[in-house]
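Here is the structure we will look at, set down as structure tokens.
2 protein chains.
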Amino acid sequence: MRADARRNRERILAAARELFAGEPPEVQMDDLARRAGVGVGTVYRHFPDKEALMGELVRERFALFNEQLRLALDAPGEASADALAQALRASAEGLADDAATRFAFMSGGERVFAHAALEADEFMRLAEVLVRRARRAGLLAPGFRAEDIPMMMCGVCSTMGRPGPGWDWRRHFELLIRGMRAR
Amino acid sequence: MRADARRNRERILAAARELFAGEPPEVQMDDLARRAGVGVGTVYRHFPDKEALMGELVRERFALFNEQLRLALDAPGEASADALAQALRASAEGLADDAATRFAFMSGGERVFAHAALEADEFMRLAEVLVRRARRAGLLAPGFRAEDIPMMMCGVCSTMGRPGPGWDWRRHFELLIRGMRAR
DNA sequence: ACCTGAACACCGTTCAAGT
DNA sequence: ACCTGAACACCGTTCAAGT
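Residue numbers (this note's numbering), protein chains in the order written: chain X, 9 to 191; chain G, 9 to 191.
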């Protein structure tokens, strides 16, 4: 890829992160192009459509989640549930600070997730290792599965940055973690 | 309201429920009007815009939630946590069968919830009574609050009818209920 | 009072022309 | 090889005319 093209691509993603973080549904491709300092056509050259742009945000976020899960792999067996909880907590904090990606997660269709399929698969592999380890140590609720983790993250995400009175996603998160752990 | 106007209003809501249940983001006001057998202008006469239509779906759903919570009030103190869980479970089942309203819940802005403010307030009042009762009976996790309930419902809703592999909103729901209960 | 639907405005996407 | 932005298409919303 030519150097100017690579730079443009990064600028477009940066503009998307900035603008989608504000009033996501209002963001127009023209605004995005202007903010990135390119023509609309250039946006479409790099990303076939608006959903593809959101897909890239989601892909990068999954990569960050995976970094957190990998850190948790270092914990010894008896701390594995704490380490898993901490990895998810740190991931949630990151997502809470990134309204643009939250928008992509929540309003994106299948194509958004298809774009991040590799990273999502890796996420599940890591989650399974951690859950198996914590289960062996007797630290998880009976019947808790690795597949529950994406649902937890999605659910918590849905309550971030919303108007609900008295809403506090961290409480919601800890409620789920409490449900995840053995009594 | 004139009889034909009332009938049109109902037809528009019925059409919204049917069409939004299919491919929500694709639904156009023209399709909606055609399905309801009225002109587009009539849709706008009854609902100032698309969001107002979604707001009405949400309002009616809150009323159904409230019915469930009121049923739970009949339970004796020692069954109050079970009754609360059951009311929420039944509410979630209803929502799972109503993709149109789920769409309204998830993609609607503040105005959607403002339209349902009365019913939402009633929901919180009922939830508070039930939570107080279950807390007195020692059946809830320490620190669990009535305000956690809307977050739980929102979170579970976000995992209904989605493409995630291995996703099962009922597991997600029971995980939250497990977090809600005393050990 | 209420309804209709052509017309308007807005915004995602394309593509012919340019470097 | 990549960029530009005017033009096009689509769809939410309005409003003049009708009953």
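Glycine residues also receive a C-beta, built at the ideal position from the N, C-alpha and C atoms.
Model, not experiment: these values are computed from the prediction.
Linking ARG25(X) to THR109(X) through their CA atoms gives a straight-line distance of about 7 Å.
In this structure VAL46(G) is in contact with ILE20(G), their Cβ atoms being roughly 7 Å apart against a cut-off of 8 Å. The residue from LYS58(G), LEU79(G) and MET132(G) with its alpha-carbon nearest to that of GLY172(X) is MET132(G). Residues of chain G whose Cβ lies closer than 9 Å to the Cβ of GLU155(X) are, in chain order, GLY172, PRO173, GLY174, TRP175, ASP176 and ARG179.
The Cβ neighbour count for GLN76(G), taken over all protein chains shown within 10 Å, is at least 16; the residue is labelled buried.
Taking the Cβ atoms as the reference, ALA122(G) lies roughly 19 Å from PHE28(G), outside the contact range of under 8 Å.
DSSP places LEU148(G) within a strand segment (E or B) once states are collapsed to three. Residues of chain G with a Cβ closer than 9 Å to the Cβ of GLY146(X) do not exist; the shortest Cβ-Cβ separation is about 15 Å. Contact fails between the segment 143-150 of chain G and the segment 143-159 of chain X, because fewer than three Cβ pairs, one in each stretch, are under 8 Å apart. DSSP, reduced to helix, strand and coil, places ARG170(X) outside both helices and strands of the structure shown, so it counts as coil. Put simply, the CB of VAL164(X) is near chain G, with a gap under 8 Å to one of its CB atoms. At a cut-off of 8 Å between C-beta atoms, SER99(X) does not count as an interface residue with respect to chain G. Apart from the 5 residues on each side of it in sequence, ALA135(X) sits with its Cβ closer than 6 Å to the Cβ of ALA154 and ILE157 in its chain, given in chain order. Counting only the Cα atoms, PRO33(G) lies some 10 Å from GLY117(X). For LEU183(X), the nearest beta carbon of chain G is closer than 8 Å to its own beta carbon.
Residue pairing by DSSP places ARG189(X) opposite LEU148(X) in a beta bridge. Neighbours of PRO158(G) in chain X, taken as residues whose beta carbon is under 9 Å from its own, are THR167, GLY172, PRO173, GLY174 and TRP175 in chain order.
In the DSSP assignment, LEU103(G) falls within the unbroken alpha helix (DSSP H) covering 88-104. Here GLN76(G) carries a helix assignment [DSSP, helix/strand/coil]. Spatial neighbours of GLY102(G) in its own chain (CB-CB distance under 7 Å, excluding positions within 5 residues in sequence) are listed in chain order as LEU72.
Straight across, the Cα-Cα distance linking ASP105(X) with SER99(X) is about 10 Å. The C-beta of ARG119(G) comes no closer than 8 Å to any C-beta of chain X.
The beta-carbon of SER88(X) is placed no less than 8 Å from the nearest beta-carbon of chain G. Our two residues, PHE113(X) and VAL51(G), have alpha carbons roughly 31 Å apart in a direct line. The continuous stretches of alpha helix (DSSP H) do not include PRO32(G), and DSSP gives it neither H nor E. With 16 or more other Cβ atoms inside 10 Å of its own Cβ, ALA89(X) counts as buried.
Note that the C-beta distance between LEU92(G) and LEU126(G) is not below 8 Å. Close CB contacts of ARG97(G) within its chain, under the 7 Å cut and outside five residues either way in sequence, are with PHE181 (chain order). By the beta-carbon neighbour count (other beta carbons within 10 angstroms, threshold 16), LEU79(X) is exposed. In the three-state scheme derived from DSSP, where H, G and I count as helix and E and B as strand, VAL120(G) is classed as helix.
Under the three-state reduction of DSSP output, PRO158(G) falls in the helix class. When secondary structure is reduced to three states using DSSP, ASP176(G) falls in the coil class, being assigned neither helix nor strand.
For the pair ILE185(X) and LEU81(G), the Cα-to-Cα distance works out to about 28 Å. A straight-line Cα-Cα distance of about 29 Å links ARG178(X) and GLU59(X). The C-beta of GLY187(G) comes closer than 8 Å to at least one C-beta of chain X. The C-alpha of ALA13(G) is placed about 46 Å away from the C-alpha of PHE55(X).
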